[in-house]
Amino acid sequence: MSWPATIAHRRFIDRYQNLESRQMHYPSEANDFQAPHAALLGDSYLKLLHRPLIGGECGSKAFARALFEAPFAVVSHDTEADPIFNYANRKAQELFGMDWQEFTRTPSRYSAEPVNREERQRLLDQVDRHGFIDHYQGVRISKQGRRFMIRNAVVWNLSDDDGLYRGQAACFAEWLYL
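In short: position in the sequence shown from 1, add 103, done, that's the numbering used here.
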C-alpha cells in the first residue's frame, strides 16, 4: 500500500471508529426507543412546520415508539460534511432494504442514485436556507437496487433547544415502486 493510500485508509478507519462511538443503538424498550432523538425530530418538525409529526408528547417513550413503528418512513442524518444516517424507523428500513446497523453506517447520499445526487444536494441546500421543504418528490433506491418515487416528502433541519444545528430529517408516507 502506498503512503497516500495508507493515510486515506487511516482517515477512513478514524472516521469509522468515531462513527461507532456516536452510533445510537437500535430503538427498543431498553433505551426508550431513543426518546431523546425522537424528541429532537418531533420538536424540530413542530417548530418549523407548526404541526406535529405524530401525536403525543415529543419527549415521551410512547411518542418515540409510535415514531419508530409509524406506517410512514422517517430518517435523519448527522452534521458531517458527508452526512451519515443516524436514524431510520422500521418503515424506512423496510423500504431501503437495510437493518438498523447497516442504515446507521450509510452516507445519506446513497439513498439516491448517482444521477439523482445533484438534485438531492440542491434539495438539502434549500432546506439549509429555509429550514424545511414540503411536497418534495424524487426517486430513491434501496440497497438491492429497487427504485421508488417518494411523494409529498417533508425534509427539515434538526436543531436542539439551544438552537444548535443537529442535522436533517425527512419523512414521507407516499411512495411508488418504479
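The beta carbon of each residue, even a glycine, is placed where N, CA and C say it ideally should be.
Item: DSSP-derived helix/strand/coil call for residue 114; Value: Confidence is the limiting factor: at residue 114 the pLDDT is only 48, short of 50, which leaves the residue's position unreliable, though a coordinate-based value still follows. Note: residue 114 maps to helix in three-state DSSP.
Item: For residue 277, three-class secondary structure by DSSP; Value: strand
Item: Where the beta strand (DSSP E) containing residue 243 begins and where it ends; Value: 235 to 244
Item: Residue nearest to residue 217 in terms of C-alpha spacing, selected from 242, 278, 262, 174; Value: 242
Item: Classification of residue 138 by the beta-carbon crowding that lies within 10 angstroms, buried from 16 upward; Value: buried
Item: Coil, strand or helix - residue 129 by DSSP; Value: coil
Item: contact_flag[the stretch 138 to 147, the stretch 222 to 229] where n(CB pairs < 8 Å) is 3 or more; Value: no
Item: Reference residue 126; option with closest CA among 175, 236, 189; Value: 189
Item: Endpoints, the alpha helix (DSSP H) within which residue 195 is located; Value: 193 to 199
Item: Residue from 151, 232, 178, 162 whose Cα sits closest to the Cα of residue 196; Value: 178
Item: Inter-residue spacing [alpha-carbon to alpha-carbon] between residue 165 and residue 223; Value: 32 Å
Item: Coil, strand or helix - residue 256 by DSSP; Value: strand
Item: C-beta contact flag for residue 263 and residue 269 at 7 Å; Value: yes
Item: Contacting residues, own chain, Cβ-Cβ under 8 Å from residue 205 (five flanking each side not counted); Value: 246
Item: Integer Cβ distance of residue 214 from residue 199, believed to fall under 8 Å; Value: 7 Å
Item: Reduced DSSP category for residue 104 - H, G, I as helix; E, B as strand; rest coil; Value: The pLDDT assigned to residue 104 is 40, lower than 50, so where the model puts this residue is not dependable, and the model offers no usable value.
Item: Rounded distance between the beta-carbons of residue 173 and residue 194, thought under 8 Å; Value: 6 Å
Item: Distance, residue 251 Cα to residue 244 Cα; Value: 6 Å
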